[in-house]
Amino acid sequence: GKRPIMGEIATRLADVVIVTDDNPRSEVPETIRAAILAAAPGAIEIGDRRKAIHEAVAMLHAGDTLIVAGKGHEEGQTIGAETLHFSDHEEVRAALQERAA
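Counting along the sequence shown from 1, when you hit position 31 you're at 34 in this note's numbering, and nothing is skipped either side.
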């Protein structure tokens, strides 16, 4: 599948990679992350997407670029049959405000 390929490319091209959950739907989130991490040496695993975004923002230094990939414009996270409100944009803003405080 594409998951190990994504992990390999990310760790080859980025200084820091955090692997987190997107929309696991009916899959086991740990299994999805394990498939990505199998080819992503040095990547950090943080299953909770909110925590992953906040940790990534906390790690930033002047001149760094943060890419939060996966959800884009989506405003929900599907876990099982339930879709919960979740916005990467809102979380990045909140993390930046938290950091500035």
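Backbone N, C-alpha and C define an ideal beta-carbon position, used for all residues, glycine too.
{"Item": "Taking DSSP as the reference, what is the three-state secondary structure of residue 86?", "Value": "strand"}
{"Item": "Give me the DSSP bridge partner(s) of residue 81.", "Value": "86"}
{"Item": "The alpha helix (DSSP H) spanning residue 57 covers which residue range?", "Value": "52-62"}
{"Item": "Is the shortest distance between the beta-carbon of residue 18 and the beta-carbons of chain C less than 9 angstroms?", "Value": "As a matter of chain content, chain C is missing from the structure shown, which is built from one protein chain."}
{"Item": "My output table needs one value for residue 70: the three-state DSSP class, helix, strand or coil.", "Value": "coil"}
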